[in-house]
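Student:
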Ligand SMILES: Nc1ncnc2c1ncn2[C@@H]1O[C@H](COP(=O)(O)OP(=O)(O)OP(=O)(O)O)[C@@H](O)[C@H]1O
Ligand SMILES: [Mg+2]
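Have a look at this one:
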């Protein structure tokens, strides 16, 4: 097998079709997508603008529901789940990282992480220490009481990563986590995500346009016009050297 | 532990499924624990100061308005009942069709003896209530409500005597008035003279804080003097105050009095009080106006709170969408909104009730009687919180309809 030892499939999508918009301007954004995420891996999702990356990520994260196809996250099939059931699944098993960080601006860094713990019913007496540790782990131990408005983009994204990791969800989904960051911060964030993915209980999927991030990937999935256009594992021995196309 | 190897200079291990429990000395101590829902709520509230101030002003306005209107309503009830409250009876015999204590017409004159002969009746007291013409010493006239009561009574009228005594009213042509009516009645001190229905009277006693609900001042006098001044017969009265002996069968007594005195009504204390209050507060529309004022205050409060809460929710809609994307149930975000509403209500109520108490204290020595009781304060509290929760409905509808997918489209 081509997967790392004791890796397992934590997310499985099959035949996903998604139609967006209202008639007569309906668009079939995703056309029969099959995809599996394995624990212990950082998977990058690449593709041209408008190819459906964000839509796919939203479906995998149970934020959008597909028109056709089956999805199961951490062993739970999402078919027939209502909005509350899907929210439950997200809360228990999925951590999100957004291009725009989406921190709660009225809460400090540590409170943003504690919020995620609170949502995951881990708001016990240790919540503050756990959140502070999570921030220390992303190199923000000195800024735990800073407000997002006083943080740089790189710092904010690291808070967002700490928040996504809080409570240890098994799937981390990131939509262009480095798009708003300069080169240095972008690399730091990708480095962090690749280390996050080394946890053998966890899979990370990141949408990216940024070719500088490719070296962190255990696996690269290419999507074009709503279809999977290719999949590769560049780190495996004997893998083809990466084809870096002009974008 | 499945800790990732940390190769960078960032110095700490990534959190794994089971975080380690060593806390470095340089980390700040955990602050006091406030539930996250409450924290989100008050940060949202205080984030936009201006809208918060508008909310609080709206609630305070509403609380004060409702408190004052209800306080005046209760004060009116109390004023209307004041004389009756001072002379509690088991039954009142009143002329048939009496609408209120101060809607007087004379009884026939045989009621007292008839009532006294009914088994179970222990004591019957005459009371004369009548409109009368008051001529001020310096000229000019007024209509007053003359109240004549028996000198020998377990509860003699008037009460709260500040100057002179009830005994002084036993002398002929003496009356008692309230100090607050001095200017209206052209009186400056005890022993001043005036005229009632053309007869000279002297002020023999002065009371404090006995004001009528209507514009007619109360003038107290002896029962005999009252009959003389109003020209009714020796045995006639307006009302009979009936006290029963212990263990008397109340219904049997009432039926027997009614059988013997067909042109009268026999009312319990409560019935007479309620009838008087209902007459003044509802037949005249005064009470309806007060209630309408209170309702208006409530509506204004609800509209302001609903509006500010809704716009605050709109301002923070992206955060609520993020919460939803992170897996918050609808209940969680509804709790945040409700907490905002309740917090606003608590703060607005506290300020509003303080302000209302100030207004009530300031009205203490005016002609306006505003009453605040613990029950009213408690009811206002419930109404305020209820109003804020009700006002949160539109914001809640907005927030539960959020599509979490918007988090990616920014
Ligand atoms: N609500 C919508 N209604 C109709 N079409 C939509 C809607 N949202 C997205 N689309 C279309 O779906 C397609 C895929 O959008 P998506 O956001 O998934 O692309 P993407 O790969 O993430 O692009 P980018 O790299 O620019 O972020 C696009 O053509 C877009 O115009
Ligand atoms: Mg996108």
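Protein chains in written order, with the working numbering: chain A, 2 to 248; chain B, 3 to 412.
All residues carry an ideal CB built from backbone N, CA and C; glycine is no exception.
Quick caveat, the model's predicted, so the values are computed rather than measured.
Using a Cβ-Cβ distance cut-off of 9 Å, determine whether residue 400 of chain B contacts chain A.
Tutor: So, not an interface residue.
Student: Tell me, which residues are paired with residue 409 of chain B by DSSP?
Tutor: In the DSSP output, where bridge partners are listed per residue, residue 409 of chain B has none listed.
Student: Residue 89 of chain A CB to nearest chain B CB: under 9 Å?
Tutor: It does: the Cβ of residue 89 of chain A has a partner Cβ on chain B nearer than 9 Å.
Student: Name, please, each residue of chain B whose Cβ falls closer than 8 Å to the Cβ of residue 42 of chain A.
Tutor: Chain B residues near residue 42 of chain A: none, gap ~13 Å exceeds 8 Å.
Student: Run the CB neighbour count on residue 284 of chain B, radius 10 Å, all protein chains shown included, and call it buried at 16 or more, exposed below.
Tutor: Burial call: exposed.
Student: What's the call for residue 317 of chain B, buried or exposed, on a 16-neighbour Cβ count within 10 Å?
Tutor: Its Cβ having fewer than 16 others within 10 Å, residue 317 of chain B is exposed.
Student: Let me make sure I understand the geometry here. Which of A:80, A:92, A:25 and A:23 has the alpha-carbon closest to that of residue 15 of chain A?
Tutor: Here the closest residue by C-alpha is A:80.
Student: Less than 8 Å between C-beta atoms, sequence neighbours within five positions excluded: which residues of the same chain meet that for residue 349 of chain B?
Tutor: So the qualifying residues of the chain are 58 and 61.
Student: Can you give me the C-alpha to C-alpha distance between residue 394 of chain B and residue 34 of chain B, rounded to a whole angstrom?
Tutor: Answer to the nearest angstrom: the Cα atoms are 28 Å apart.
Student: Which residues, taken in chain order from the segment 205-231 of chain A, show a beta carbon closer than 8 Å to some beta carbon of chain B?
Tutor: Under the 8 Å Cβ criterion, the segment 205-231 of chain A contributes no residue.
Student: Just to make sure I have the definition right: I need the residues of chain A whose C-beta is within less than 7 Å of the C-beta of residue 310 of chain B. Which are they?
Tutor: By Cβ distance, chain A contributes nothing, its closest Cβ being about 16 Å from residue 310 of chain B, past 7 Å.
Student: Would you decide whether residue 162 of chain B is buried or exposed? Buried here means 16 or more other CB atoms lie within 10 Å of its CB.
Tutor: The residue is exposed, with fewer than 16 neighbouring Cβ atoms inside 10 Å.
Student: Could you tell me which chain B residues have their CB closer than 9 Å to the CB of residue 105 of chain A, listed as they occur along the chain?
Tutor: Near residue 105 of chain A (Cβ distances below 9 Å), the residues of chain B are 42, 45, 318, 321, 324 and 325.
Student: Say the cut is 8 Å; is the CB of residue 55 of chain A nearer than that to a heavy atom of ligand 2?
Tutor: Yes, since a heavy atom of ligand 2 falls inside the 8 Å radius drawn around the Cβ of residue 55 of chain A.
Student: Could you name each continuous beta strand (DSSP E) segment of 3 residues or more that falls completely within the segment 127-208 of chain B, going from the start of the chain to the end?
Tutor: The qualifying runs are 143-151, 163-166, 176-180 and 195-198.
Student: Is the beta carbon of residue 296 of chain B less than 9 Å from the beta carbon of residue 75 of chain B?
Tutor: In contact: residue 296 of chain B and residue 75 of chain B (Cβ atoms closer than 9 Å).
Student: Residue 117 of chain A versus chain B: which residues are under 8 Å apart at the beta carbon?
Tutor: Near residue 117 of chain A (Cβ distances below 8 Å), the residues of chain B are 328.
Student: Taking C-alpha atoms, which residue in A:150, A:202 and A:54 lies nearest to residue 104 of chain A?
Tutor: With distances taken between Cα atoms, residue 104 of chain A lies closest to A:150.
Student: Considering only heavy atoms of ligand 2, does any lie closer than 8 Å to the CB of residue 409 of chain B?
Tutor: Residue 409 of chain B: no, Cβ never under 8 Å from ligand 2.
Student: Given residue 139 of chain A, which residues of its chain have a CB within under 7 Å of its CB, disregarding the five upstream and five downstream residues?
Tutor: So the list reads 159, 162, 163 and 193, once near-sequence residues are dropped.
Student: With which residues is residue 2 of chain B paired in a DSSP beta bridge?
Tutor: Limits of chain B in this structure are 3 at one end and 412 at the other, which puts residue 2 of chain B out of reach.
Student: For residue 341 of chain B, which three-state DSSP category applies?
Tutor: In this structure, residue 341 of chain B counts as helix in the three-state DSSP scheme.
Student: Consult DSSP for residue 241 of chain B and reduce its assignment to one of helix, strand or coil.
Tutor: DSSP places residue 241 of chain B in strand when its eight states are reduced to three.
Student: Grab me the residues of residue 279 of chain B's own chain with a C-beta within less than 7 Å of its C-beta, minus the 5 sequence neighbours each way, in chain order.
Tutor: Contacts found: 79, 82 and 83.
Student: On the three-state DSSP scale, how would you describe residue 52 of chain A?
Tutor: Note: residue 52 of chain A maps to coil in three-state DSSP.
Student: What's the gap between the Cα of residue 97 of chain B and the Cα of residue 126 of chain B?
Tutor: Roughly 16 Å between the two C-alpha positions.
Student: Do residue 159 of chain B and residue 89 of chain B have their C-beta atoms closer together than 9 Å?
Tutor: The answer is yes: Cβ separation under 9 Å.
Student: Within 9 Å (strictly less), CB to CB, does residue 71 of chain A reach chain B?
Tutor: By this cut-off, residue 71 of chain A is not an interface position.
Student: Closest to residue 119 of chain A by CA distance: which of A:168, A:152 and A:95 is it?
Tutor: When only C-alpha atoms are compared, the closest one is A:168.
Student: Note down, one range per segment and in chain order, each alpha helix (DSSP H) of at least 4 residues found wholly within the segment 312-396 of chain B.
Tutor: Runs found: 319-327, 332-364 and 376-393.
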